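A short worksheet on the structure shown next.
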Amino acid sequence: MPGLPLRASGVLGSGVRRQHDLRLRSPDVAPGLWGGFSTHLYLAPEAIVVPMSSTVSVAAASLFNVMANGVDWALDLGGARYGMSVAILGPGPRGLASVIAAGAAGAGPIAVTGLASDRERLDLALRLGADHALDVSDRPVTEAVVEALGQPPDIVIDCTPGSLSSVTDAIRLAARKGTVVLAGLKGSKGLAPVPVDLICAKQLTIRGAVSRSLRSMEQAIALIESGRWPFEDFASHSYPLADADRAVRALMSADKPVHARIEPTA
Numbered sequence: 001m002p003g004l005p006l007r008a009s010g011v012l013g014s015g016v017r018r019q020h021d022l023r024l025r026s027p028d029v030a031p032g033l034w035g036g037f038s039t040h041l042y043l044a045p046e047a048i049v050v051p052m053s054s055t056v057s058v059a060a061a062s063l064f065n066v067m068a069n070g071v072d073w074a075l076d077l078g079g080a081r082y083g084m085s086v087a088i089l090g091p092g093p094r095g096l097a098s099v100i101a102a103g104a105a106g107a108g109p110i111a112v113t114g115l116a117s118d119r120e121r122l123d124l125a126l127r128l129g130a131d132h133a134l135d136v137s138d139r140p141v142t143e144a145v146v147e148a149l150g151q152p153p154d155i156v157i158d159c160t161p162g163s164l165s166s167v168t169d170a171i172r173l174a175a176r177k178g179t180v181v182l183a184g185l186k187g188s189k190g191l192a193p194v195p196v197d198l199i200c201a202k203q204l205t206i207r208g209a210v211s212r213s214l215r216s217m218e219q220a221i222a223l224i225e226s227g228r229w230p231f232e233d234f235a236s237h238s239y240p241l242a243d244a245d246r247a248v249r250a251l252m253s254a255d256k257p258v259h260a261r262i263e264p265t266a
């Protein structure tokens, strides 16, 4: 089906938006084989297919999922708009997508934090529109961000999976009457210390984030189709279907790629 995200099937997600995420659908539910890591994808009758221009490369198209998260977290939940300062904790794919989404809305300045091992991603964040890419391996996050931005940020998006300290950092970092978006999942036992009095004193808005909306998907595809950002650099690694296991292992390694996609016909 030319021109649809389905042509990039197997990119750890699909071009279909359903009531429930297809990746969580049990094989016991008919038809059983839904299409993960495959050459074809089963479309249920209630599936919503979102068109994408056939001129977009497979590499750029593969980012529709993470870009939809960035749009949802930075714009819909964070409320980013012109002139609002933004801090993004974690330079993973969705953190980088949040940089693009916030920049597209005219927000700025934008700061992204990471560790020394994230140097490649931090450098990419600058190419995607961040004003500051900060290595916070050896200094407090709050100190580094406020020094770079010259003020506490209006919006803080925590995109750091597994880290409990980033929740506290986000709350301490946000400006008075700012918004904190908690998007980095911490696991079933991830009970982060939350400075409640500080939330009250600052009158912060705390928003939880998971998945994305259909509207965010449509906006994300429009951003990809615009070609304004170096999406080819963002979509850094490609694997054939026969090497799907290697792609998954690469994402779990210490030297993980920025983004990995599986191209079944490669």
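Using full-length UniProt numbering, read the sequence shown as starting at 1 and increasing by one per residue.
Quick reminder that beta carbons are idealized off the backbone N, C-alpha and C, glycines included.
Please read all numbers here as calculations on a predicted model, not as lab measurements.
Looking only at DSSP bridge pairs, what is residue i linked to?
i           : result
proline 240 : Glu263
alanine 133 : Val112
valine 181  : Ile157 and Arg207
residue 268 : Here the chain has residues from 1 to 266 only, and residue 268 is not among them.
Quick one: measure Cβ to Cβ for residue i and residue j, integer angstroms, because I've assumed they're closer than 8 Å.
i              : j              : result
alanine 235    : alanine 60     : 6 Å
isoleucine 199 : isoleucine 157 : Isoleucine 199 to isoleucine 157, Cβ: 16 Å. No contact.
valine 141     : leucine 89     : 7 Å
leucine 134    : alanine 144    : 5 Å
glutamate 218  : valine 50      : 6 Å
proline 230    : threonine 39   : 29 Å between Cβ atoms; not a contact.
valine 258     : proline 93     : 7 Å
If the criterion is Cβ atoms closer than 7 Å, does the pair residue i and residue j meet it?
i             : j              : result
glycine 184   : cysteine 159   : yes
leucine 149   : serine 85      : yes
alanine 192   : leucine 173    : no
valine 181    : arginine 207   : yes
alanine 80    : alanine 87     : no
alanine 247   : alanine 260    : yes
leucine 223   : alanine 104    : yes
alanine 68    : serine 216     : yes
glycine 70    : alanine 111    : no
residue 280   : proline 161    : The question about residue 280 has no answer here: the residues shown for the chain are numbered 1 through 266.
residue 268   : leucine 77     : A question about residue 268 goes unanswered here, because the residues of the chain that appear run from 1 up to 266.
tyrosine 239  : isoleucine 262 : yes
arginine 212  : aspartate 72   : yes
aspartate 131 : proline 152    : no
proline 27    : tyrosine 42    : no
threonine 168 : threonine 205  : no
Along the chain, where does the alpha helix (DSSP H) containing residue i start, and where does it finish?
i             : result
leucine 198   : 196-202
proline 93    : 93-104
aspartate 118 : Per DSSP, aspartate 118 belongs to no alpha helix (DSSP H) and is neither H nor E.
valine 167    : 165-173
aspartate 255 : Here aspartate 255 belongs to no alpha helix (DSSP H), and DSSP marks it neither H nor E.
leucine 149   : 141-149
aspartate 233 : 231-234
Considering just the uninterrupted stretch of the beta strand (DSSP E) at residue i, what are its terminal residues?
i             : result
threonine 113 : 110-114
leucine 214   : From DSSP, leucine 214 is part of no beta strand (DSSP E) but of the alpha helix (DSSP H) over 214-226.
Q.
Suppose only complete runs of 4+ residues qualify. What are the alpha helix (DSSP H) ranges in the stretch 34-86, listed by chain order?
A. 58-61 and 64-71
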